[in-house]
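Quick note: this note's numbering has the sequence shown finishing at residue 320, numbered continuously throughout.
Virtual Cβ for every residue (Gly too), placed ideally from N, Cα, C.
Just below is one structure, and these are the notes that go with it.
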Amino acid sequence: MLSSSPRIHKTIPEEYRPIAEALFPSAGFQPEQGPSIEAAKAFAGILGIATDYTRLLTGADTLPVEQREHYALPHFLTHFQNNLDLLIQKTWVEKADEGYKERLQDRIPPFIATIEQGQYQEALADFSRILEELAYLFFGSQSYKEDFTEYTFRIDTQMGLFWWYGGQIGSLQQLNQDRPVDPECLRAILLIGLCYLTNF
């Protein structure tokens, strides 16, 4: 299970910590506070996906005509699914885990349908589970260990930031139960992960 413990925040390199903390504070969201689109944009920047992310976030209508189709959400989601399918297929697993890969691939179309319906809270919950399963395919039993996020930071900083993000998005479930979160903020946070995996 991807960890979201406050201890994990200390693993984030100092130069990235303020941006990460703006998106998901280590002490949790304070009353009357929630995630912001500006924090999501800044986090996308440190993941190295700022250009594509900003184009997706602002919508295809603001782009030159020749770029609109590429950055329209339906086209992007098709590209995301194709790339994720490719990542899953290329992952080497024991023969006993082959069915695991197929089940994960079967989860993607309903997940995309949820996004297309604008149900971002539900989509984030689904995405959190998809990321846990994807982490297992990539890293095996290491993904279940408490130090998994630290492990990914040792491999690559941006990869560590991505898996840290994956462990944090579950906190939005509790936050939304306490008080409604702006759907556009939820969409902005979801697009971070989708964009990163599409460009992985």
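For the pair of segments examined, the stretch 207-219 was found not to touch the stretch 262-278: the number of CB pairs separated by less than 8 Å stays below three. Residues of the same chain with a CB within less than 7 Å of the CB of Ile139, apart from the 5 flanking positions on each side, are Ala162, Phe163, Ile166 in chain order. If you keep only unbroken alpha helix (DSSP H) runs of at least 4 residues inside the stretch 186-268, you get 193-210, 218-236, 240-259. Per DSSP, Gly154 is not a residue of any alpha helix (DSSP H), being assigned neither H nor E.
Close CB contacts of Tyr256 within its chain, under the 7 Å cut and outside five residues either way in sequence, are with Ser263 (chain order). Around the Cβ of Leu206, a 10 Å sphere holds fewer than 16 other Cβ atoms; the residue is exposed.
The beta-carbon distance between Asp226 and Thr234, rounded to whole angstroms, is 14 Å. This is too long to meet the 8 Å contact definition.
With a threshold of 16 other beta carbon atoms within 10 Å, Ile275 falls short and is exposed.
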